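Undergrad:
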Amino acid sequence: MILNIKNNKINKKNIIKKNKIFNYIIKNNEFIIKTFFIYVFIKKNCLLYPRIGLIIKKKYLKLSVKRNIIKRIIKEFFRKNKNLFYNFDLIFMLKNKINFYNKKDINKEINKIFKKIIYLKKIWNT
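With the numbering used here, letter number 44 in the sequence shown gets 43, and the count goes up by one each step, no holes.
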């Protein structure tokens with residue numbers, strides 16, 4: 000069995016980098032998912048591919064290693080499931096300090112968030 004690895008990558012077009020787009024999605028979002036430490040702003044886009052943006056401030060996590068680990072975990076979940084979000088813009092924003100720093104707990108929280116997003120997508124498509 001041959002796997003197509005290229006389709007499984009996160010391309011540059013899948014990452015939101017412009018400040019204007021971040022501000023637009025945050026102000027005009029269609030749905031917000033709030034957890035203890037992360038807010039997710041969701042907006043439908045007219046593109047045929049999903050986009051993701053990450054906002055993790057130094058104020059909440061001082062060490063860049065911890066910030067980058069959280070970014071990697073979120074991007075990995077997105078990469079594995081990006082075919083489910085074909086017309087969504089997702090912005091993940093860290094809102095509180097993470098006192099518990101355990102990869103398993105962070106993985107569980109992010110997994111819950113993605114399950115909520117998938118459920119929300121099913122509701123919107125019906």
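Even glycine gets a Cβ: it sits at the ideal position worked out from N, Cα and C. Here the structure is a predicted model, which is why all the values come from computation and not from measurement.
(1) Just reading off the beta strand (DSSP E) that residue 9 is part of, what are its end residues?
(2) Just to confirm the assignment, what range does the beta strand (DSSP E) spanning residue 38 have?
(3) So which of 92, 39, 111, 85 has the shortest CA-CA distance to residue 13?
(4) Buried or exposed: residue 24, going by 16 or more other Cβ atoms within 10 Å of its Cβ?
(5) Could I get the ranges of all uninterrupted beta strand (DSSP E) runs contained in the segment 16–83, with 3 residues as the minimum, in chain order?
(6) What are the start and end residues of the beta strand (DSSP E) that includes residue 90?
(7) Rounded to whole angstroms, what's the CA-CA distance from residue 67 to residue 122? Just pull it up for me.
(8) Identify whether residue 97 lies in helix, strand or coil by the three-state DSSP scheme.
(9) Please classify residue 50: is it buried, with 16 or more other beta-carbons within 10 angstroms of its beta-carbon, or exposed?
(10) Taking the alpha carbon of residue 91 as the point to measure from, which residue in 8, 11, 10, 28 has its own alpha carbon closest?
TA: Put simply:
(1) Note, residue 9: premise wrong, no beta strand (DSSP E); not H, not E.
(2) 37–43
(3) 85
(4) buried
(5) Listed in chain order, the complete beta strand (DSSP E) runs (minimum 3 residues) inside the segment 16–83 are 30–33, 37–43, 50–54.
(6) 87–93
(7) 32 angstroms
(8) coil
(9) Result: buried.
(10) 28
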